[in-house]
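Just so you know, the sequences run in chain order A and B. If you read the first sequence in my numbering, its first letter stands for residue 18, the second for the next number, and so on. If you read the second sequence in my numbering, its first letter stands for residue -1, the second for the next number, and so on. To start, the structure itself, in structure tokens.
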Amino acid sequence: MSQINVMPDSALVVPPEAPHEKLVHGNHTFHDVTELVSEVTERKPELAWKICLALSVSVLGAFGAAVLYLIWSGTGIWGLQQPVGWAWDITNFVFWVGIGHAGTLISAILFLFRQKWRTSINRFAEAMTLFAVACALLFPGIHVGRIWMTYFLAPLPNQMGMWPNFRSPLLWDVFAVGTYGTVSLLFWYVGLIPDIATLRDRAKTKLRAMAYGVLSLGWRGSMRHWINYERSYMILAGISTPLVLSVHTIVSFDFATSVIPGWHTTIFPPYFVAGAIFSGFAMVVTLMVLARQLFGMKDLVTLDHLEKMNKIILLTGTLVGYAYAMEFFIAWYSGNEYEQYAFINRALGPYAWAYWTMITCNVISPQFFWFKRFRRSIPVMFALSILVNIGMWFERFVIIVTSLHRDYLPSSWGYFMPTIWDIAMFVGSFGLFFTLFLLFIRFLPMIAISEVKGVMPEASPHHGHHEGHGHGASIAAAEAR
Amino acid sequence: MAKHKLLVAEFDTPAEIVSAAGKLQSAGYRDYDAHTPFPIHGLDKAMKIKDSRLGWIVLGHGITGCLIGLGMQWWMNGVDYQMLIGGKPYFAYQAFVPVTFALTILLSAFGAVFGMFFLNGLPRWSHPLLAHPGFRRHTDDKFYLSVESDDPKFDATKTRALLEEIGGKRVALLEAP
């Protein structure tokens, strides 16, 4: 034991079981955690799950039909017209990318800040990121209209000897979102490997043993592997952090680098990032409230976790509210009449209904979270999280459509009306999202089993050895340094 | 060549395995491993495992990604297919930052994941430990030490006795198929 007795400095000892720090409730053992999470993937699917999947797949089917019709007919089936030539397609793209950001924030940024409470929700949130990014990537893919030309987006050698224009923010978007999707997938998979190994070792059927066996890559929990594994996880968190902040920044460049009043603002990057985290956390709360209820995960995902999420929703919602106010201030301060008109028109013009929906949902509704009673109330947080998602969709709609619909020439002013196909594609993308999500919670561990075990007090080598030898204290001291 | 063999012993708590691994290390064993459901902090020190070299692999990948990103844009827009847009320079490095950054991150991530697989020798679907039915709880709630027959100090009887002495239960000898 002398090897680990690094520095017995009792001043640095962290109490291992401070009551308010208990992340897993209900006195579970390691085996209980394995059982609780794995069991969901092993038991027979519930009727509720089957109904949800049938619904989602139907909506996904409608989405597929709408996309086929779009490819057949072209983007004319949407409500696009001059001057609004870019509406729900790009709104949906920004909406879904934004939702994805919460997953990376939870898995990477909170990891770097050593926020151990994230372990219960990160797997779930990362899965949400992946599926949201998948939905997002579809929209730029199909909104080019001529889908067989999408290879122009990539720098591929072609028969015309042309290369893409790297000075265009739309191309930056392709690289930023493509990288984001790939890195999120890798990060998620690395986190899953030890847990897939758990499912492999519990497998009762040949098929499960084979499938999870191949996916777990022969993981055998070796301490010599864990060293590299933890370093890999740390590095992925480290590089995902600037990445996630850059992705929505670059998405905002699509607008900010143009010279349209209402888009051409330097506040866009931080404002978009705050909004992305805001909407993503709301989506995690919506899904988490349902999942912990349906699958009995209340001891692993506790009210404390949800309360912390709600605090972040309050913070980012307030940041977004500040950005809305600052846009108006800058419009006035700029002295530019077109800029001023764009904002007055936003709040009082034909789209005032959308603007005030956005303000109500995004700025006013999260203010309820100042009160602990509301932060810890499941019905309140569920309702507010849905309002926030509605509000954030409207935010993108307001930014995009109100800035376009009245340009410099009043004779060409217009009003955008969605067609049934616009609506089918927006609603349809939820079909894709929920289908992927339902399959995920059925076939993969929705909570990071090994990580949750790692934050349980029993996981520390000095658990139950406090008095006497002092070697536990020295490990705590070594960790605290 | 003799058949590859492994002696495996089971432990119940993190504290037990940390202390046992320390004793195995000080008894002079080098080719042994611990198998745990989650990383145990302190166990790496007890086993005197060297720090991971993964960071260097990632650094190399990151620099490569950065150079590929910048070089690609310089060649495509600056040399091979020049487009004059708004009178801006063909090689506009300011505008090339986002793509360069994205490729730096992308290749770093490949380095972090595939470099980790490389260092760990994964994927490896065939291993005596994976075939042993009693070993399944290493991904659940039990902790194991395994000593390889390649270790110079390995001796089927003496090592078994040592594993039992340091608190190992259900000691078993596994053979590679």
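Even for Gly, the Cβ is constructed at its ideal location relative to N, Cα and C.
message: I'd like the list of long-range same chain contacts for residue 76 of chain B, defined as Cβ closer than 7 Å, with 5 residues on each side in sequence excluded.
response: 88, 89
- request: Rounded to whole angstroms, what's the CA-CA distance from residue 126 of chain A to residue 234 of chain A? Just pull it up for me.
  value: 27 Å
task: Report yes or no: do the region 430 to 439 of chain A and the region 1 to 20 of chain B share at least 3 C-beta pairs separated by less than 8 Å?
output: no
- prompt: Would you say residue 165 of chain B reaches chain A, if we count a Cβ-Cβ gap shorter than 8 Å as a contact?
  reply: no
field: Listed by chain order, chain B residues near residue 63 of chain A by CB distance under 8 Å
entry: The contacting residues do not exist; residue 63 of chain A stays about 25 Å from chain B at best.
message: Strictly under 8 Å for the Cβ-Cβ distance: is residue 179 of chain A near chain B by that measure?
response: yes
message: Here's the rule: buried if 16 or more other CB atoms are within 10 angstroms of the residue's CB, otherwise exposed. What is residue 398 of chain A?
response: buried
- request: Find the nearest neighbour of residue 140 of chain B within the set A:51, A:72, A:77, judged by alpha-carbon distance.
  value: A:51
message: Less than 8 Å between C-beta atoms, sequence neighbours within five positions excluded: which residues of the same chain meet that for residue 158 of chain B?
response: 5, 169, 171
query: Hey, does residue 344 of chain A have any beta-carbon neighbour from chain B nearer than 8 Å?
result: no
message: Considering only the alpha carbon of each residue, which of A:303, A:237, A:298 lies closest to residue 130 of chain B?
response: Ranking A:303, A:237, A:298 by Cα distance to residue 130 of chain B puts A:237 first.
field: Interface flag, residue 50 of chain B vs chain A, CB-CB below 8 Å
entry: It does; some Cβ of chain A falls within 8 Å.
field: 7 Å Cβ shell around residue 31 of chain B - same chain, five flanking residues per side excluded
entry: 144
- request: Would you mind stating whether residue 39 of chain B and residue 239 of chain A have Cβ atoms separated by less than 8 Å?
  value: Their beta carbons are not under 8 Å apart, which means residue 39 of chain B does not touch residue 239 of chain A by this criterion.
message: Output needed in chain order: residues of the region 242 to 256 of chain A with a Cβ under 7 Å from some Cβ in chain B.
response: 242, 243, 244, 245, 246, 247, 248, 249, 252, 253, 256
Cα-Cα separation between residue 446 of chain A and residue 27 of chain B, rounded to whole angstroms: As the crow flies, the alpha-carbon of residue 446 of chain A is around 57 Å from that of residue 27 of chain B.
- prompt: Within the 8 Å Cβ cut-off, does residue 24 of chain A reach chain B?
  reply: Residue confidence is low: residue 24 of chain A scores 41 on pLDDT, short of 50, so the model does not pin down where it sits. No coordinate-derived value is stated.
- prompt: So with Cβ pairs under 8 Å, would you call residue 32 of chain B a contact of chain A?
  reply: yes
task: Determine the chain B residues that contact residue 46 of chain A at a beta-carbon separation under 7 Å, and present them in chain order.
output: Within chain B, the residues placing a beta-carbon under 7 Å from that of residue 46 of chain A are 139, ordered along the chain.
field: Endpoints, beta strand (DSSP E) assigned at residue 204 of chain A
entry: Taken as a continuous stretch (DSSP letters only), residue 204 of chain A belongs to no beta strand (DSSP E), being part of the alpha helix (DSSP H) at 186 to 219.
query: Just curious, the beta strand (DSSP E) that residue 146 of chain B is in, first and last residue?
result: 141 to 146
- prompt: Nearest-angstrom Cα distance between residue 138 of chain A and residue 474 of chain A?
  reply: Straight-line Cα distance between these residues: approximately 18 Å.
message: Run through chain A and tell me which residues come within less than 8 Å of residue 79 of chain B, C-beta to C-beta.
response: 178, 179, 180
Any 3 or more C-beta pairs closer than 8 Å across the region 404 to 418 of chain A and the region 278 to 292 of chain A: yes
- prompt: For residue 267 of chain A, which residues in chain B fall below 7 Å Cβ to Cβ?
  reply: 96
field: Rounded separation between residue 122 of chain B and residue 116 of chain B - CA only
entry: 11 Å
message: Quick check on this structure: which residue in A:427, A:58, A:476 has the alpha carbon closest to the alpha carbon of residue 217 of chain A?
response: The shortest C-alpha separation from residue 217 of chain A is found at A:58.
- request: Would you check if the distance between the CB atom of residue 254 of chain A and the CB atom of residue 386 of chain A is smaller than 8 Å?
  value: At the C-beta level, residue 254 of chain A and residue 386 of chain A stay beyond 8 Å of one another.
field: Nearest-angstrom Cβ-Cβ length linking residue 148 of chain A and residue 450 of chain A, presumed shorter than 8 Å
entry: 5 Å
task: With 8 Å as the threshold, decide whether the Cβ of residue 439 of chain A is near any Cβ in chain B.
output: no
- prompt: Is residue 107 of chain B closer than 8 Å to residue 116 of chain A when the C-beta atoms are compared?
  reply: no
- prompt: Which residues mark the beginning and the end of the beta strand (DSSP E) in which residue 380 of chain A is found?
  reply: Careful: residue 380 of chain A lies outside any beta strand (DSSP E) and carries neither H nor E.
query: So, residue 285 of chain A versus residue 269 of chain A, is the Cβ gap smaller than 8 Å?
result: yes
query: Quick one: what's got a C-beta closer than 7 Å to residue 362 of chain A's C-beta in the same chain, skipping five residues either side?
result: 419, 423
query: So which residues on chain B does residue 189 of chain A lean against when the C-beta distance must stay under 8 Å?
result: 96, 97, 100
query: Tell me, which residues are paired with residue 239 of chain A by DSSP?
result: B:33
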